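Numbering (this note's numbering), first residue to last: 58 to 206.
Shown next, in structure tokens, is the structure this report addresses.
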Amino acid sequence: MHTQWIEQLRALKLTGMAAALSLQWEQPTTYADLSFEERIGMLIERETLERENRRLTRLLQRAKLRVPASIEEIDYRHPRGLERPKMAALASCDWIARHQNLLVTGPTGCGKTWIACALGNQACRRGISVHVSEKQKFRGIEQTRKPTL
Numbered sequence: 058m059h060t061q062w063i064e065q066l067r068a069l070k071l072t073g074m075a076a077a078l079s080l081q082w083e084q085p086t087t088y089a090d091l092s093f094e095e096r097i098g099m100l101i102e103r104e105t106l107e108r109e110n111r112r113l114t115r116l117l118q119r120a121k122l123r124v125p126a127s128i129e130e131i132d133y134r135h136p137r138g139l140e141r142p143k144m145a146a147l148a149s150c151d152w153i154a155r156h157q158n159l160l161v162t163g164p165t166g167c168g169k170t171w172i173a174c175a176l177g178n179q180a181c182r183r184g185i186s187v188h189v190s191e192k193q194k195f196r197g198i199e200q201t202r203k204p205t206l
């Protein structure tokens with residue numbers, strides 16, 4: 058009976074739930090004191106977490122970010138002129154919801170790619186698909202105002 062349920066869960070693409078249920082059956086004493094609601098809740102949480110992790114992995118793979126950077130690792134002490142409030146606003150990804158683009162400019166070696174990848178990583182963690190383009194594709198664009206980064 059147990060094997061059949063596991064196979065049915067996998068057929069329904071509920072692999073996280075199937076793994077959690079197998080674990081509950083393998084370690085019955087660990088879960089014996091839990092109520093039905095607690096156990097089913099654990100199954101649902103595991104499935105949800107696995108789906109979120111798969112989605113994040115897929116988004117990060119498709120984004121093809123050049124460096125594994127994250128917003129939390131930004132060093133504001135470095136003399137790049139980065140301001141916490143501006144970076145926090147960009148990290149909120151509200152500009153993406155408003156269908157705006159972001160053009161990161163600055164001198165060579167100041168961390169443009171790293172910052173772009175950190176913002177891309179943050180967007181992926183929020184479930185947003187990301188596309189990063191290199192400067193060469195924008196050679197014809199004329200800057201109309203001073204960059205904010």
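For glycine and all other residues, C-beta sits at the position ideal for the given N, C-alpha and C.
This structure is a prediction, so every number in the text was calculated from the model and none was measured.
Range covered by the alpha helix (DSSP H) that runs through residue i
{"i": "His-59", "result": "59 to 68"}
{"i": "Pro-85", "result": "85 to 88"}
{"i": "Leu-147", "result": "141 to 148"}
{"i": "Asp-151", "result": "151 to 154"}
Buried versus exposed call for residue i [16 or more other C-beta atoms within 10 Å across all chains shown]
{"i": "Leu-71", "result": "buried"}
{"i": "Arg-103", "result": "buried"}
Where residue i sits in the DSSP three-state scheme
{"i": "Arg-103", "result": "helix"}
{"i": "Arg-185", "result": "Reading off the sequence, residue 185 comes out as Ile, not Arg. DSSP places Ile-185 in coil when its eight states are reduced to three."}
{"i": "Gly-168", "result": "coil"}
{"i": "Leu-71", "result": "coil"}
{"i": "Leu-160", "result": "coil"}
{"i": "Arg-134", "result": "coil"}
Residues of its chain near residue i, where Cβ-Cβ distance is below 7 Å and the 5 sequence neighbours each way are ignored
{"i": "Ser-79", "result": "Ile-63"}
{"i": "Ile-153", "result": "Ala-180, Ile-185"}
Beta carbon proximity, residue i to chain C, threshold 8 Å
{"i": "Gly-166", "result": "Of the protein chains in the structure, only one exists, and it is not chain C."}
Check: Taking three-plus beta-carbon pairs below 8 Å as touching, is the segment 172 to 180 in contact with the segment 111 to 128?
Finding: yes
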